[in-house]
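So the working numbering is basically just the index in the sequence shown, starting at one, shifted up by 241. Quick reminder that beta carbons are idealized off the backbone N, C-alpha and C, glycines included. Notes for the one structure printed next.
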Amino acid sequence: MDADFAATVSKWAAESNSAMCIQLVSGETVEGILRALDTDLSQDAEEEDDSEEEEGGADVIQFHPTFTYPIYGEHERVFGYKGLRISLSYAAGSLATYFDVGYKKRIDEMESSLPVQLRADDVDTPMRTKLSPAAICATKEEFARRVARDTREFRPLGRKAHEYSRDSEEGQVAYEIYESDFVSGEFREYHRRMQTLVLFYIEGAQFIDDSDDRWRVFTVFERLVIGGVTSFTLVGFCTMYQFYNWPDRRRPRISQFLVLPPFQGQGHGSELYRHIYQTVLRTLEYADLTVEDPSEAFDDMRDRNDMRYLLQQDAFAGLEAPVSPATLRQMQERYKISKRQMTRCVEMGLLKSLDKARQKDQYEEYRLFVKRRIYAQNTDLLAGLDDDEKKKKVAESFAAVEDDYHRILSLL
């Protein structure tokens, strides 16, 4: 390809993650909401995500996606535009939706001396196929009317199960957790609005089968009272599937777990996880809580919360390495924590109580206990190595595990 031609073409390519903005919109008046939507928000490099704007009685919380490859392809690039802006706006509570694409220039609308006719990518259709048709508003005016109405009237669906608060500059803010399932057709439609969000923030996420009544969904909402009007904003949600567990129990598994970017780092994920775990503990037919393909961030949050609870319960009192399989199984059944996670927590609990300098014998027993577990879990990977190389690899893995345990324990 000619270098000048390639350089010209590259100027018309945009990164879809940067070009796209997601907005949670609430407001008291249609006019104020329209003014907020018409505001041309800056896309300068200095602009930070999670911005909040107030425009004539309208609140707009704006943030960018982490992923757009499920919509715009693995390279996450859109060709054929300059000044591209992809706006996906949601009513903050009801998730009524308005999708809009804007740009300064489009390549197939320009006169060109290029040797071939170039066409801009279709930005609109790939997104609309992922949105709930029932939620989409055809015009900004229709969306503004829906936002104004829903700011006053929307109430979370399902059963309110828990409430908590967080301090803010304006005082304490209330949050509520609701439990729902797909038996309700109304909630099924609401979930179809929510599920698009998982594509932007959970790698490899797929839509779940909402015809299966074994799903259970937890939603978190911020509750604000402004001018005497109570309004709700979606903070995050979790989907949980209930597998059969022989002979007469069920094994719940967390599938998708998402706190929206503007609300991350404020403890909402921990609050939601603790509520789900306590629900599992209280439900006699549940065996233990498992997690499907967790991210590193989720694993960290889970480790911290499981360890805090187990320490509060004195779960590790009197334990010494090596801990027998029977003891691990009893702890797993008592605290309804999966085998892998219970083993991890026990290893952390043992390490927390050890003084390596003064308890050398106990530390050596601990080291051998953890190494045996590492070896057993990696037998296939180690099979082709000689004995010295096996010992080296297991020792390296133990050192990494111990460092990670110390990091987590330092956060408790």
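In summary, Asp489 is exposed, with fewer than 16 beta-carbon neighbours lying within 10 Å of its beta-carbon over all protein chains present. Taking 8 angstroms as the cut-off, the Cβ atoms of Glu561 and Tyr405 do not count as close. A straight line joining the alpha-carbon of Tyr607 with that of Leu592 spans about 8 angstroms. Pairing Tyr331 with Val271 gives a Cβ-Cβ distance that is not under 8 angstroms.
The secondary-structure analysis by DSSP pairs His403 across a beta bridge with Ile418. Fewer than three Cβ pairs drawn from the segment 445–458 and the segment 388–395 lie within less than 8 angstroms of each other, which leaves the two stretches out of contact.
If the five residues before and after Phe395 are omitted, its C-beta is found closer than 7 angstroms to the C-beta atoms of Gly334, Ser335, Phe473, all from its own chain and listed in chain order.
Residues of the same chain with a CB within less than 8 angstroms of the CB of Asn258, apart from the 5 flanking positions on each side, are His305, Pro306, Thr307, Phe308, Thr309, Glu317 in chain order. For Pro563, no beta strand (DSSP E) encloses it, and the DSSP letter there is neither H nor E.
When DSSP states are grouped into helix, strand and coil, Phe304 belongs to the strand group. When the beta-carbon positions are compared, Pro397 and Thr460 come within less than 8 angstroms of each other. Excluding the 5 residues flanking it on each side, Leu329 has same chain C-beta neighbours closer than 6 angstroms at Ile263, Phe340, in chain order.
Glu411 and Asp621 have their C-alpha atoms spaced approximately 56 angstroms apart. In the structure shown, Asp450 adopts coil according to DSSP, grouped into three states. Contact between the segment 480–489 and the segment 500–516 is not established, with fewer than three Cβ pairs separated by less than 8 angstroms. The way I'd put it, the segment 530–545 does touch the segment 579–587; three or more beta-carbon pairs between them come closer than 8 angstroms. Every unbroken stretch of the beta strand (DSSP E) spanning 3 or more residues and falling wholly within the segment 481–519 is given here in chain order: 490–500. Checking the DSSP bridge columns, you'll see Trp456 partnered with Tyr482. When the alpha-carbon of Glu417 is set against those of Gly510, Leu325, Ser496, the nearest one is in Gly510. A Cβ-Cβ distance of about 6 angstroms is found for the pair Asn546 and Arg515, placing them in contact under the 8 angstroms criterion. Our two residues, Leu359 and Gly321, have alpha carbons roughly 8 angstroms apart in a direct line.
Remark: C-beta atoms of Phe557 and Ser594 approach each other more closely than 8 angstroms. The continuous beta strand (DSSP E) containing Asp341 extends over residues 338–343.
Within a 10 Å sphere around the beta-carbon of Gln573 sit 16 or more other beta-carbons, which makes this residue buried. According to the DSSP assignment, Ala332 belongs to the beta strand (DSSP E) that extends over 326–332. Scanning Val364, Val521, Val476, Gly468 for the CA closest to the CA of Arg492 turns up Val521. The shortest C-alpha to C-alpha distance from Ala636 to any of His647, Gly625, Arg614 is the one to Arg614.
Counting C-beta atoms within 10 angstroms of its own C-beta, Gln436 has 16 or more neighbours from the protein chains shown and is therefore classed as buried. In the three-state DSSP reduction, Gly468 falls in the coil class, being neither helix nor strand.
DSSP places Thr531 within a strand segment (E or B) once states are collapsed to three.
Using a 10 angstroms sphere on the CB of Ala375, the tally of other CB atoms stays under 16, which defines it as exposed. Val466 counts as exposed, since fewer than 16 other C-beta atoms from the protein chains shown sit within 10 angstroms of its C-beta. Beta-bridge pairing by DSSP links Phe320 to Ala254.
Counting of Cβ neighbours within 10 angstroms places Asp362 among the buried residues, the total reaching 16 or more. Separation of the CB atoms of Leu499 and Leu438 is rounded to 6 angstroms, and the pair is thereby assigned contact status at 8 angstroms. The secondary-structure analysis by DSSP pairs Met261 across a beta bridge with Ile327.
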